[in-house]
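Protein chains: 2
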Amino acid sequence: VDTGDRDRLEELMAPLHAADIADLLEQMNTHDRAELIRLHDRDFDGEILSELDETLREEVIAMLHPAVLAEAVRDLESDDVVDLVEDLEEPQQEAILDALEDADRVAVERALAYPENSAGRLMQREVVMAPEDWTVGQAIDFLRAADDLPEQFYHVVLVDPRMHPVGNVTLGRLMSHRREVPLSELTEDVFEVIPVTRDEEDVAYAFNQYHLISAPVVDDDGRLVGVITIDDAMAVLDDEHEEDILRMAGVSDESSLSDTIFAAARGRATWLSVNLLTAILAAFVINLFSEEIEAMVALAVLMPIVASMGGNAGTQTMTVTVRALATRDLTAQNALRVMRREISVGAVNGVLFGVLIALVAGFWFGVPMLAAVICVAMMLTQVTAALGGFAIPMLLDRAGIDPALASGPFVTSVTDVVGFFTFLGLAGWVLL
Amino acid sequence: VDTGDRDRLEELMAPLHAADIADLLEQMNTHDRAELIRLHDRDFDGEILSELDETLREEVIAMLHPAVLAEAVRDLESDDVVDLVEDLEEPQQEAILDALEDADRVAVERALAYPENSAGRLMQREVVMAPEDWTVGQAIDFLRAADDLPEQFYHVVLVDPRMHPVGNVTLGRLMSHRREVPLSELTEDVFEVIPVTRDEEDVAYAFNQYHLISAPVVDDDGRLVGVITIDDAMAVLDDEHEEDILRMAGVSDESSLSDTIFAAARGRATWLSVNLLTAILAAFVINLFSEEIEAMVALAVLMPIVASMGGNAGTQTMTVTVRALATRDLTAQNALRVMRREISVGAVNGVLFGVLIALVAGFWFGVPMLAAVICVAMMLTQVTAALGGFAIPMLLDRAGIDPALASGPFVTSVTDVVGFFTFLGLAGWVLL
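Protein chains in written order, with this note's numbering: chain C, 1 to 432; chain B, 433 to 864.
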């Protein structure tokens, strides 16, 4: 790129997959990126845009010559175009839609009419279907004669006369049976029909739970309107996971390595603000006991240990709970049992670490009552942490709030306050 | 289950998918579970075992009558059996292997000879292949005549005379081309060949990055030995996610809701022990400044705010870094740039929250120098948190240690120590 040697660049980039070129663009600085795009515009592949990170996508689209952009998007499948344009600003969206052929544009516009993150946005409209009373021979003849089969398809969807899907036949089974066998005898045992408005997260769950390869999508009247394939579901699963892990750490889930410094700082400031408030709350609790601390500075030295251990245990329970809710292993049926278990785990570790810290504090400061106080405070905080780490995500989930997003600050706030309060309160009561 | 009505139970369970029955078993208490298994053993589906959580799997296998178990595993595909037995204890493993037919047992034993978590364990040995010089017509006739095609397959793998895979042809393309077209003209652009010893995590990455549906697996000599399909890759991706998220919270990644209380407590105690040590280290730092705290209790009230904000910012940067390493968006090429960005983000938020907390502390305690001290300490801690949150996972990754597993305690330990040290140190120097 530095030497501006276009032919050498083409030669180097030719064997790369669009996803790798996108990664390359993401890892460059802005200047090299612009240069690379200028040099590579001869045959810029639309898939590179699909693979790019959202933040960069707008930047790269703006850099591309309109003619190159039009050429690039025309090669994409309609569901990839939907994915590409749904997060763009109005003018860029229109520029891309205008570049499409009429039929494709209508397909994309129709998909965009479905709610965000719904099955309708995820599906492709090209479906290979057959009447439910056909035989293997009829289906094979039909497929052999069709001239616009999708690039990738895994099932022939059987439909009744009202276009309601009634079963899936895999191509493998179709190939391995005699011509006179009715298709209805070859349908797969597992058959999930997905309503077009279903949330993509639920779609990914169904694919994962039932090991689906593709599933028909139906409209409100139960009529077949499209099909979702496992690669789309896998992409959703990957996004959801990314979102969960970033949310749990309090990083804005739309952040990426390509964000500007201020965008990244803003994406993290929300959670830091919440944390500032809860930390100030904890400071108020400590302030209640300023006389006790003045009388015995060892309390100030030891109190962060109790709070930090509580915060850790609370985060552990919270993570297990949030995950179990996400994977639907935690339900109303077993909630009580899981809660009892978490509290018992907290009690076991509370006793263990309570005794350990009592030994440390006892030898360090030589005040037996101080050791006893920190032991009891540690146990109470560990149990409260388990209770808070379980109950807070559960309640948020009930209230319809994503527990991955909001549990963290509440849990550490509870453990800090309880940790400081029990330790300093007990100390004030027993020691002074 | 409570009434022991076997027929009613069968009726209720018949429409359920094996994965749902496994979830049901996981959510029951031990007594109900034993009862359900006793009642349901008439046609116990082997897939239920595959779907069960590992901890419960051993328990359920021990409960099943040997004849029922043998019947159940005989229906499974060989790669599912591998997945089932690889984590079992020796005697259970042998019981299951003995129940298999000879051919299947050999296949399973051969798969078990590959290293754990390798492509060899993941692949299925049944591959549909064709010589590279065949035409569409020859391939279709071959498929139509074959009587042991796998249940699910997506590609015909083209091989050269030495059995090296040279390309993939999708069934869809096969169906939609004329009989005289050579298969070699229909191969897919994206074609990844996976060595049998490759780590399953890298396999899942390749599937996700290149949107693969299936990929041939080759031995050391490059000969085709099996095929991995996207559903296996999706399962690995899901497991890896689960592992990452639990590891980052310091929960043993083999934990599950079905663990006993003591197993769960042990799974969390490791991280709590590490945290205890780092908290004691932080306490030592505070103890260095006990005179300052005695002279001004406000220091003890405010110091947890600085440490907690640092811990939060450090965790944010660490999560972004760990994720970027996992998704391979962070490489040696852009490491310096990302580090500069993270430090800048830390500086921006350091200034913001430094000023905020200075205002709070100034109004609360009415000591302007105290406000200035906490402002500077907050800024320094935020920048150090960014640096630590970036550098610690990077160094662990270089050293070959999973950064998701070990970064957390180091990062919070650094932020705690730096937070307490800068705040109390500055205060001692300026105020007293």
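Where is the CB? At the ideal position from N, CA and C, for every residue including glycine. None of these values were measured; they are calculated from a predicted model.
Against residue i, what residues of chain C qualify as contacts under a CB-to-CB distance less than 8 Å, listed in chain order?
i        : result
B/ILE803 : Sequence inspection shows Ala at residue 803 of chain B; the Ile mentioned does not correspond to that position. Within 8 Å Cβ-Cβ: nothing; B/ALA803 doesn't reach chain C, min ~14 Å.
B/THR602 : GLU151 and GLN152
B/MET666 : PHE207, ASN208, ILE230, ALA233, MET234 and LEU237
Measure from the C-beta of residue i to each C-beta in chain C and report whether the shortest distance is under 8 Å.
i        : result
B/ASP512 : no
B/GLN570 : no
B/TRP866 : This structure gives no information on residue 866 of chain B, because the portion of chain B shown stretches from 433 to 864.
B/ASP761 : yes
B/GLU726 : yes
B/GLU633 : no
B/ALA451 : yes
B/ILE645 : yes
B/VAL897 : Nothing about residue 897 of chain B can be reported from this structure: the residues present for chain B run from 433 to 864 only.
B/ARG576 : yes
B/MET445 : no
B/VAL625 : no
B/ASN549 : no
Excluding the five sequence neighbours on either side, which residues of its own chain have a C-beta within less than 8 Å of the C-beta of residue i, listed in chain order?
i        : result
C/ARG337 : none
B/VAL805 : PHE855, LEU858, ALA859, VAL862 and LEU863
C/ARG223 : ARG162, MET163 and HIS164
Against chain B, does residue i count as a neighbour if the rule is that its beta carbon must be under 8 Å from one of theirs?
i        : result
C/ALA348 : In the sequence as presented, Ala is not what sits at residue 348 of chain C; that position holds Val. Yes - at least one Cβ of chain B is within 8 Å of the one on C/VAL348.
C/PRO393 : no
C/ASP244 : yes
C/GLU26  : yes
C/ASP32  : no
C/MET339 : no
C/ARG398 : no
C/THR209 : As written in the sequence, residue 209 of chain C is Gln, which differs from the Thr given in the question. Judged by the 8 Å Cβ criterion, C/GLN209 is in contact with chain B.
C/ARG323 : yes
C/PHE262 : yes
C/LEU183 : no
In chain order, what residues of the same chain have a beta carbon less than 7 Å from the beta carbon of residue i, not counting five sequence neighbours either side?
i        : result
C/GLY428 : PHE289 and GLU292
C/VAL285 : VAL417, PHE420 and PHE421
B/VAL783 : MET811
C/VAL411 : GLY314, THR315, MET318, GLY388, GLY389 and ILE392
C/ALA385 : GLY310, ALA313, GLY314, THR317, GLY346 and THR415
From the DSSP output, in three-state form, read off residue i for me.
i        : result
B/ASN744 : helix
B/PRO841 : helix
C/ALA72  : helix
C/MET163 : coil
B/ALA647 : strand
C/LEU52  : coil
B/GLY654 : coil
C/ASN168 : strand
B/ASP621 : coil
C/LEU64  : coil
Strictly below 7 Å CB to CB, what residues from chain B border residue i?
i        : result
C/HIS241 : HIS673
C/ALA249 : THR747, GLN748 and THR751
Whose Cβ in chain B lies nearer than 8 Å to the Cβ of residue i?
i        : result
C/ILE286 : ALA732, VAL733 and PRO736
C/VAL345 : ILE693, ALA696, ALA697 and ARG700
Only counting the same chain, and skipping five residues up and downstream in sequence, which positions put a Cβ closer than 6 Å to that of residue i?
i        : result
C/ASP104 : SER78
C/TYR154 : ILE213 and SER214
Show which residues of chain B have a CB atom less than 9 Å away from the CB atom of residue i.
i        : result
C/ALA282 : PRO736, ILE737 and SER740
C/ASP141 : Correct list: empty, because the minimum Cβ distance to chain B is about 11 Å.
Along chain C, which residues have their Cβ under 9 Å away from the Cβ of residue i?
i        : result
B/LEU788 : SER273 and LEU276
B/SER722 : VAL297, ALA298, ALA300 and VAL301
B/SER608 : LEU143, ARG144, ALA146, ASP147, ASP148 and LEU149
Identify the contact partners of residue i in chain C, using a Cβ-Cβ distance below 7 Å as the criterion.
i        : result
B/LEU784 : ALA269
B/ALA711 : PRO304, ILE305, SER308 and MET309
B/GLN765 : GLN27
B/ASP477 : Those within 7 Å of B/ASP477 in chain C number zero; the least Cβ separation is about 10 Å.
B/ILE480 : The premise fails here: B/ILE480 is roughly 13 Å from chain C at the closest Cβ pair, so nothing lies under 7 Å.
Using a Cβ-based criterion (distance less than 7 Å to any ligand heavy atom), does residue i qualify as near the ligand PLP?
i        : result
C/GLN152 : The model depicted lacks the ligand PLP and carries no ligand whatsoever.
Touch test, the stretch 699-713 of chain B against the stretch 236-246 of chain C, Cβ-Cβ under 8 Å, three pairs minimum
Output reads no: the stretch 236-246 of chain C does not touch the stretch 699-713 of chain B.
So, does the stretch 342-349 of chain C touch the stretch 212-219 of chain C, judging by three or more C-beta pairs under 8 Å?
Of all C-beta pairs linking the stretch 342-349 of chain C to the stretch 212-219 of chain C, fewer than three are shorter than 8 Å, placing the two stretches out of contact.
Specify whether the stretch 613-623 of chain B and the stretch 588-601 of chain B touch according to this definition: at least 3 beta carbon pairs, one from each stretch, less than 8 Å apart.
The stretch 613-623 of chain B is in contact with the stretch 588-601 of chain B.
Whether or not the stretch 498-516 of chain B and the stretch 531-549 of chain B are in contact is what I'm after, with contact meaning three or more pairs of Cβ atoms, one per stretch, closer than 8 Å; do they touch?
At 8 Å Cβ cutoff, the stretches touch.
Cβ contact check for the stretch 753-763 of chain B and the stretch 788-801 of chain B: 3 or more pairs under 8 Å
As far as the Cβ criterion goes, the stretch 753-763 of chain B does not touch the stretch 788-801 of chain B, which means the pair count is below three.
Would you call the stretch 192-210 of chain C and the stretch 174-184 of chain C in contact, with 3 or more CB pairs under 8 Å?
Output reads no: the stretch 174-184 of chain C does not touch the stretch 192-210 of chain C.
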